[in-house]
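Accompanying notes for the structure given below.
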Amino acid sequence: MAEPRSAYRLFIDEHILPVETELLQEDDGADALLRELRARARAAGLWAPHLPPEAGGTGEGFLAYADLNEEIGRVAWAQYVFNCQAPDAGNGEILHLFGTEEQKEHWLRPLVDGNARSFFSMTEPDVSGADPTALQTTATLDGQEWVISGRKWFSSGAEGASFGIVMAVTEPEAEPRRRMSQIIVPADAPGLAIVPVPVLGHRGRGWTTHCEVTYSDVRVPHENLLGQRGAGFLIAQKRLGPGRIHHVMRWLGQMQRAFELMCTRALEREAFGGPLAEKQTVQNWIADSAAEIQACRLLTLDAARKIDTDEDARVEISLLKFYAAGVLSRVIDRAVQVHGALGLTDRSPLSHMYAQARGAHIYDGPDEVHRMVVSRRILDAFATGDGWRFS
Ligand SMILES: Cc1cc2nc3c(=O)[nH]c(=O)nc-3n(C[C@H](O)[C@H](O)[C@H](O)COP(=O)(O)OP(=O)(O)OC[C@H]3O[C@@H](n4cnc5c(N)ncnc54)[C@H](O)[C@@H]3O)c2cc1C
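The sequence shown begins at 2 in this note's numbering and counts up by one.
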């Protein structure tokens, strides 16, 4: 039985928020604190809420998880404390859905137990990540082993991870969406090199790194294939759809925290004879933010419900991904503006939130691609004469 949302909120208020500044340092002290917090969260049953109990988690579906994330998303570190951090959460989901019993035992169980981290290696520096049909990394069978060659980057969390799941071309002659497979690769496999690339909003250490990963004839057993040969794209869609929703759920927490900080500061800070809260511009920011956040919440709940009931949620997910990235950026930006110079310093969580929010427009598909997906689907529906109905 999952712990209720209030238990997550209480834990964050009591244990994480008071040490947020220390965690932001991303040093040895922060690592020790995180280990301690994770042990406490696990003991309290606040653990792996993205996975169902049969996979070792405490989850009860997407809708319930959306609700929890309005709390978990408030602080960047909370997802790691509760062991539902990207990219491990998405990797755990595909291992649960597509892994063999041996793969689940060997790779999924340590993830759920919090004894291992993983990375997802899809994007490459030399071809468009927005159009992954052109990926170049290859895996060829040599006897009982896959031999993997290629260069990836933005493999989040690769530094210090135990294994990764790599997308590689195994069926070069197949049609674009059937060319790739997903293969599990231990991080200590000979020929695999991991180098962190500094990224805006991340000091970059362990879980928070984004890495270049080079595969130089990396050999892994053939049974490390995840799912069917040629099913890499399909599995990626299965992973990225829900993964995008996970991101947006956490952004809801970030938006609401920024909103709270903005309102509080507007009431406290005086200028030109009265509080900022009395200035019309600030009032407009608050009203617009409230409307936009609530719209994001409702879109998220709608998409989560559709995923839970196995309805096609492709349009809902894309629509939500680009719309929520915009709201996240706007709300944090307004909150920074209301804080003046303070909003740009380490003394406010807003500066970190602001830097992190930029990536939301790019990772797991840039805004433009999601807009394209939404409009194509809708126009196709009109072109076939069915039209598009909102439901
Ligand atoms: C913080 C962060 C974490 C990430 N983590 C991972 C990870 O763990 N694993 C992983 O494999 N990848 C990861 N990525 C990579 C991410 O998924 C890619 O950056 C993304 O898919 C875009 O690919 P690209 O960077 O190659 O941009 P490109 O494909 O080169 O696109 C560049 C720009 O072109 C424009 N564009 C592209 N297509 C269209 C179109 N059809 N219409 C209009 N404009 C278009 C967009 O503005 C886009 O931003 C991460 C990225 C970030 C920022």
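Note that CB positions come from ideal geometry on N, CA and C, so glycine has one too. All figures in this text were calculated on a predicted structure; none of them were measured in a lab.
Out of Ile13, Phe323, Asp89, Leu201, the CA that lies nearest to the CA of Gln357 is found in Leu201. DSSP places Arg266 in the uninterrupted alpha helix (DSSP H) bounded by 233-269. Look at Val221 here: in three-state DSSP terms it is strand. The DSSP assignment places complete alpha helix (DSSP H) segments of no fewer than 4 residues inside the region 43-82 at 63-73, 79-82, in order along the chain. Taking 7 Å as the cut-off, the C-beta of Ser163 does not count as close to any heavy atom of ligand 1.
Taking every protein chain shown into account, the CB of Val196 has fewer than 16 other CB atoms within 10 angstroms, so this residue is exposed. Ranking Arg372, Asn70, Glu125, Ala33 by CA distance to the CA of Ala49 puts Asn70 first. Note that the C-beta distance between Phe12 and Ala31 is not below 8 Å.
By the C-beta criterion, the region 108-128 is judged to be in contact with the region 143-157, since at least 3 inter-stretch pairs fall below 8 Å. Within its own chain, the residues whose Cβ lies closer than 7 Å to the Cβ of Pro222, once the five positions on either side in sequence are excluded, are Gln145, Glu146, listed in chain order. Counting the other CB atoms within 10 Å of its CB gives Gly244 a total of 16 or more, which places it among the buried residues. A straight line joining the alpha-carbon of Gly231 with that of Phe164 spans about 21 Å. Tyr66 sits away from Trp208, with the two beta carbons spaced by 8 Å or more. Along the region 190-218, the beta strand (DSSP E) occurs as fully enclosed runs of 3 or more residues at 193-197, listed in sequence order. With fewer than 16 other CB atoms across the displayed protein chains lying within 10 angstroms of its CB, Leu345 is exposed. At a cut-off of 7 Å, the beta-carbon of Thr124 counts as near ligand 1: some heavy atom of the ligand is closer than that. A residue is called buried once 16 or more other Cβ atoms fall within 10 Å of its Cβ, and Pro19, having fewer, is exposed. Residue burial annotation: Pro133 is buried, with at least 16 other C-beta atoms found within 10 angstroms of its C-beta.
The C-alpha of Ala326 is placed about 12 Å away from the C-alpha of Arg372.
Asp387 sits in coil when the DSSP states are folded into three classes, being neither helix nor strand. Excluding five sequence positions before and after Ala361, the CB atoms of its chain that fall closer than 8 Å to its own CB belong to His248, Trp252, Ala325, Ala326, Leu329, Ser330, given in chain order. Just measuring C-alpha positions, the residue of Leu35, Trp78, Asp89 sitting nearest Gly58 is Asp89.
For Trp286, the enclosing alpha helix (DSSP H) starts and ends at 281-309.
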